[in-house]
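Visitor: Numbering (the working numbering), first residue to last: 25 to 516. Sharing a structure here in structure tokens format.
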Amino acid sequence: MGEIQDLLHDHLFEQAPIMVAVLDAGFEIVEANGRFREVFGPWNGKRCYELLKRRDAPCERCMAAWTFEDGKVRVCDDRLHMGGDVTSHFVVRVAPLGSGARPGPPYLVWIGSNVNEASSLRHENELLFERAPSYITVLDRDLQIVRANRKMRETFGRAWGKRCYQVYKRRDRPCRECPALMVFEDGQDHTSSQVGMSASGEETHYVVTASPLSREAGDPNGRVNFVIEMATDVTHLHNLEKEKLEAERMAAVGQTVAGLAHGIKNVLMGLEGGIYVMQSGLSKNETERVQRGMEMLSRNVEKISALVKNLLGFSKGRVPSVALVDPNALAREVLELFRETAGKSGVRLAGHLQPGLAPAPLDAEGIHTCLSNLISNAIDACQTSEKPGCQVRLATSEEKGVLVFEVSDDGCGMDYEVKKKIFTTFFTTKGAGGTGLGLLLTRKIVQEHGGRILVESQEGQGTSFRILLPRERLPKPAGPGEDNDGNAAGPR
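Given below as structure tokens:
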């Protein structure tokens with residue numbers, strides 16, 4: 025029992041964050057904790073009124089004296105000396121301690137808390153909340169904003185009493201996949217990237233974390249009553265990323281245009297050859313020669329048409345048309361498109377689609393173009409391979425929130441030098457049959473989706489292209505009555 029008392033004294037009494045002292049019936053301080061000594065200084069042999077009030081006699085309306093008489097607990101406000109001429113406002117509580125032969129208690133516990141410290145702490149917390157460089161809001165279960173800091177108000181306008189989706193997104197109904205609603209549901213933290221509209225009408229990008237602020241009856245597992253949302257503005261980073269992608273795109277366009285004259289020259293030579301063959305056939309009245317010349321003209325016209333279309337598609341800043349798309353349905357559509365072509369080429373075309381993939385916000389036409397380019401290249405690679413029965417495989421999967429499209433073949437493969445050039449120069453391995461723009465266009469579309477494309481290849485063994493699309497970086501779909509945020513919430 026003595027050990028327990030020692031532990032209570034050393035850890036509970038001595039380390040308490042408030043001032044605690046024990047007084048005897050003569051108002052002498054017989055014990056005090058570390059916080060009391062820290063605030064009021066040495067106390068040994070002193071009476072409470074001497075140390076705390078700088079008096080020579082007990083106070084006229086002494087709360088401790090009344091408690092010594094009737095044993096009742098009392099609380100009052102008082103101004104006490106903290107050393108020298110410094111005084112501060114305290115809330116003081118006295119309670120009886122022990123029992124003896126006399127009517128009142130032999131001792132009492134004196135407990136004090138510095139109101140100025142509490143006020144200062146509240147002031148510091150208020151400054152932290154108000155001046156934080158993030159958007160901070162407190163929401164109730166109706167998604168109504170009950171508090172908002174200065175940065176949020178300055179950016180999005182008046183907030184108190186409004187619903188979060190009205191202020192952040194200018195919407196008239198809650199957003200889908202709302203992180204605040206998720207917190208109210210499961211009590212866990214939730215983070216997401218969002219796009220809102222400022223009071224001045226400017227698009228604002230931010231990353232928001234919603235967390236439980238208070239729970240019912242203080243139960244750590246109880247129902248969440250309020251949620252705090254803290255959002256960091258990443259609009260500047262978003263704009264820098266867009267500028268970087270645009271710079272990469274224009275650099276690739278420059279590389280492409282640098283080689284365009286050579287490509288057009290080859291096409292013109294083909295056209296001249298076709299005209300010569302056709303004119304020669306006409307002059308000699310050789311129908312077969314005329315037909316061959318027409319075929320040469322037709323092939324080269326198709327080539328220059330493809331060259332111009334791909335160049336325009338790569339260079340112009342087309343705004344992707346984003347909508348929620350089933351990745352597997354898109355992959356199946358591309359597989360069906362090339363099934364006959366692959367069969368005629370003696371190439372097996374296989375699909376390995378992960379079941380249950382959730383819809384994703386994609387530019388269906390753009391991703392369709394990417395997969396078509398890759399499968400077309402893979403079929404060509406198989407045709408140039410000396411191995412019999414080559415296969416092209418299109419697979420879909422998702423790995424840790426990253427949507428993956430993979431096109432692989434066991435065709436001729438590429439050596440290091442070829443692999444180094446496929447994305448960066450006006451380069452083709454198809455000779456007169458290629459424009460050298462297909463993979464550049466593919467990479468551009470993937471970058472517009474916030475993704476990247478990786479290639480692995482071994483000469484004589486085959487090639488694998490992987491399109492990696494992190495869901496959190498995908499563009500947001502805009503439907504009827506929806507925002508460009510993809511119906512996500514936020515600080516919405």
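The beta carbon of each residue, even a glycine, is placed where N, CA and C say it ideally should be. Quick caveat: nothing in here was measured; it's all calculated off a predicted structure.
1) Report yes if the CB atom of residue 370 is closer than 8 Å to the CB atom of residue 472, and no otherwise.
2) Ignore the nearest five residues each way along the sequence and tell me which others in residue 132's own chain have a CB closer than 7 Å to its CB.
3) Flag this pair as yes or no: are the beta carbons of residue 171 and residue 179 separated by less than 8 Å?
4) What residue from 432, 191, 152, 501 has the CA that sits closest to residue 168's CA?
5) Please work out which residues of its chain come closer than 7 Å, Cβ to Cβ, to residue 221, disregarding the five sequence neighbours upstream and downstream, and give them in chain order.
6) Name the two residues that bound the continuous beta strand (DSSP E) containing residue 100.
7) Near residue 409, what residues of its chain come up, given a Cβ to Cβ distance below 6 Å and the 5 sequence neighbours on each side ignored?
8) Starting from residue 94, trace the alpha helix (DSSP H) in both directions and tell me its first and last residue.
9) Below 8 Å between beta carbons: does that hold for residue 325 and residue 366?
10) With 16 as the cutoff for other CB atoms within 10 Å, does residue 418 come out buried or exposed?
11) Spatial neighbours of residue 86 within its chain, please: C-beta separation below 7 Å, excluding the five flanking residues on both sides.
12) Could you please give the first and the last residue of the uninterrupted alpha helix (DSSP H) stretch that includes residue 396?
13) Measuring only the C-alpha atoms, how far is residue 498 from residue 318?
14) Using only alpha-carbon positions, find the residue among 310, 381, 97, 65 that is nearest to residue 348.
15) How many angstroms separate the CA atom of residue 196 from the CA atom of residue 174?
16) Taking all protein chains shown into account, do 16 or more other C-beta atoms lie within 10 angstroms of the C-beta of residue 411, making it buried, or fewer, making it exposed?
17) Contact check, residue 21 vs residue 493 under 8 Å by CB: the rounded distance?
18) Quick check: what's the CA-CA separation for residue 488 versus residue 360?
19) Which complete beta strand (DSSP E) runs does the stretch 197-235 hold, if anything under 3 residues is left out?
20) Helix, strand or coil for residue 351 per DSSP?
21) Have a look at residue 456 and residue 350 and give me their C-alpha separation to the nearest angstrom.
22) Taking buried to mean at least 16 other C-beta atoms within 10 Å of its own C-beta, is residue 404 buried or exposed?
23) Less than 8 Å between the CB atoms is what I'm expecting for residue 467 and residue 478, so what's the real figure, rounded?
24) Would you kindly check if the distance between the Cβ of residue 321 and the Cβ of residue 314 is under 8 Å?
25) Using a Cβ-Cβ cutoff of less than 6 Å, which residues in the same chain neighbour residue 462 once the five nearest sequence positions on both sides are dropped?
26) Taking residue 61 as part of the alpha helix (DSSP H), name the residues at either end of that continuous run.
27) Measuring CB to CB, does residue 230 end up less than 8 Å from residue 257?
28) Leaving out five residues on either side along the sequence, give the residues of the same chain with a beta carbon under 6 Å from the beta carbon of residue 56.
29) Hey, does residue 405 have any beta-carbon neighbour from chain B nearer than 8 Å?
30) Who are the Cβ neighbours of residue 429 in its own chain at under 8 Å, not counting the five residues just before and after it?
31) If you reduce the DSSP assignment to three classes, tell me which class residue 499 lands in.
32) How is residue 493 classed by DSSP in three states: helix, strand or coil?
33) Can you grab the Cα-Cα spacing for the pair residue 40 / residue 76, in whole Å?
34) Do you know offhand how far residue 414's Cα is from residue 433's?
Guide: Based on what the coordinates show:
1) Here residue 370 is not near residue 472, since their CB atoms are 8 Å or more apart.
2) 47, 88, 91, 92, 118, 119, 120, 121
3) no
4) Nearest in C-alpha terms to residue 168, of all of 432, 191, 152, 501, is 191.
5) 193, 194, 227, 228
6) Residue 100 -> beta strand (DSSP E) spans 98-105.
7) Short of 6 Å from the beta carbon of residue 409, and not among the five residues preceding or following it, lie these beta carbons of its own chain, in chain order: 435, 436.
8) 87-94
9) no
10) buried
11) none
12) Annotation for residue 396: the continuous alpha helix (DSSP H) segment containing it runs 388-407.
13) 46 Å
14) 381
15) 24 Å
16) Exposed: under 16 other Cβ atoms inside 10 Å.
17) Because the chain is modelled from 25 through 516, residue 21 falls outside the range shown and cannot be assessed.
18) 20 Å
19) The beta strand (DSSP E) runs lying completely inside the stretch 197-235 and spanning 3 residues or more are 214-221, given in chain order.
20) The answer is helix: DSSP assigns residue 351 an H, G or I state.
21) Any answer about residue 456 is weak, because its pLDDT of 40 lies below 50 and its placement is not dependable; what the coordinates show is given next. Approximately 36 Å between the Cα atoms of the pair.
22) buried
23) With 8 Å as the limit, residue 467 and residue 478 do not qualify as a contact, their Cβ atoms being about 11 Å apart.
24) The Cβ-Cβ distance between residue 314 and residue 321 does not fall below 8 Å.
25) 397
26) 58-64
27) Taking 8 Å as the Cβ cut-off, residue 230 and residue 257 qualify as a contacting pair.
28) 45, 67
29) Among the chains in the structure shown there is no chain B, since it carries only a single protein chain.
30) Taking C-beta separations shorter than 8 Å and ignoring five residues to either side along the sequence, the partners of residue 429 in its chain run 351, 355, 391, 394, 395, 418, 419, 420, 490, 491, 493, following chain order.
31) Of the three classes helix, strand and coil, the one that applies to residue 499 here is coil, per DSSP.
32) strand
33) 19 Å
34) 7 Å
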